[in-house]
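Peer 1: Residue numbers (my numbering): 427 to 600.
Where is the CB? At the ideal position from N, CA and C, for every residue including glycine.
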């Protein structure tokens, strides 16, 4: 709309300028008399006021651009708030630990009786002044305490003697 007023103003100034030139031109008046001069002035004014198709389409485009600019000018210069609206993620509470109502009973095998410890003999080492045996995968010397509560009494070439809770056991090489 602002530019359409400017276009109309320019066109009207061109018409006025053309009319002023026509009235001040002495050649037209002297050429063929006053009737011809008036007729040619009227025709020139009509031509100046007539807008061709290209000018009309340009004027329409200009009016559309002005309308868009006016519409855009109603928006604020800077956006209010954030450009991207992001909501914070809610905090996740961990699941509460629920205590069992009763004591959980664990099933286990019965405890072995003191005399029921199984021993396996895998190797025997007999050297000058020392005797070793590998009992249940561990090196043992005569007099050592065993994990099951017994004591290694004697190491021989093919067997060992273990005292387990007052009882003497003979374990042979496997």
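Would residue 578 be called buried (16 or more neighbouring beta carbons within 10 Å of its own) or exposed?
Peer 2: Residue numbering aside, residue 578 sits at position 152 when the chain shown is read from its first letter. With at least 16 other beta carbons inside 10 angstroms of its own, residue 578 counts as buried.
Peer 1: Going by the CB atoms, is the gap between residue 589 and residue 576 shorter than 8 Å?
Peer 2: The residue labelled residue 576 in the question sits at position 150 within the chain shown. The residue labelled residue 589 in the question sits at position 163 within the chain shown. In this structure, residue 589 lies closer than 8 Å to residue 576 by Cβ.
Peer 1: Find the nearest neighbour of residue 584 within the set 501, 599 and 433, judged by alpha-carbon distance.
Peer 2: Here residue 584 refers to the residue found at position 158 of the chain shown. That would be 599, whose Cα lies nearest to the Cα of residue 584.
Peer 1: Roughly how many angstroms separate the alpha carbons of residue 431 and residue 513, rounded to a whole number?
Peer 2: The sequence position of residue 431 within the chain shown is 5, counting from 1. The sequence position of residue 513 within the chain shown is 87, counting from 1. Approximately 48 Å between the Cα atoms of the pair.
Peer 1: In three-state terms, what does DSSP make of residue 567?
Peer 2: Position 141 of the chain shown, counting from 1, holds the residue named residue 567. The answer is strand: DSSP assigns residue 567 an E or B state.
Peer 1: Quick check on this structure: which residue in 463, 543 and 481 has the alpha carbon closest to the alpha carbon of residue 437?
Peer 2: Within the chain shown, residue 437 is the residue found at index 11, counting from 1. Looking at the Cα atoms, 481 is the closest of the given residues.
Peer 1: In whole angstroms, give me the CA-to-CA distance for residue 464 and residue 439.
Peer 2: Translated into positions along the chain shown, residue 464 becomes position 38. Translated into positions along the chain shown, residue 439 becomes position 13. Approximately 21 Å between the Cα atoms of the pair.
Peer 1: Say whether chain B places a C-beta atom closer than 8 Å to the C-beta of residue 501.
Peer 2: Included in the structure is just one protein chain, with no chain B present.
Peer 1: Specify the secondary structure class of residue 562 as computed by DSSP and reduced to three states.
Peer 2: By one-based count along the chain shown, residue 562 stands at place 136. Note: residue 562 maps to coil in three-state DSSP.
Peer 1: CB-CB under 8 Å to residue 441, same chain, minus the five flanking residues each way: which ones, in chain order?
Peer 2: Residue numbering aside, residue 441 sits at position 15 when the chain shown is read from its first letter. Cβ within range, chain order: 471, 474 and 475.
Peer 1: As a quick exercise: from 500, 560, 596 and 467, pick the residue whose alpha carbon is nearest that of residue 547.
Peer 2: Here residue 547 refers to the residue found at position 121 when the chain shown is read from its first residue. Nearest option by C-alpha distance: 560.
Peer 1: When you compare only the Cα positions, how much space is there between residue 501 and residue 493?
Peer 2: In the chain shown, residue 501 corresponds to position 75, counting from 1. In the chain shown, residue 493 corresponds to position 67, counting from 1. About 13 Å.
Peer 1: From the DSSP output, in three-state form, read off residue 603 for me.
Peer 2: Since the first and last residues shown for the chain are 427 and 600, residue 603 lies out of range.
Peer 1: Leaving out five residues before and five after residue 521 in sequence, what residues of the same chain have Cβ atoms less than 6 Å from its Cβ?
Peer 2: By 1-based counting over the chain shown, the position of residue 521 is 95. Cβ neighbours of residue 521 beyond the five flanking positions: none.
Peer 1: Which residue from 545, 564, 543 and 544 puts its Cα closest to that of residue 551?
Peer 2: Translated into positions along the chain shown, residue 551 becomes position 125. Here the closest residue by C-alpha is 564.
Peer 1: To which residues of the same chain is residue 595 closer than 8 Å at the C-beta, ignoring the five residues directly before and after it?
Peer 2: The sequence position of residue 595 within the chain shown is 169, counting from 1. Taking C-beta separations shorter than 8 Å and ignoring five residues to either side along the sequence, the partners of residue 595 in its chain run 545, 576, 587, 588 and 589, following chain order.
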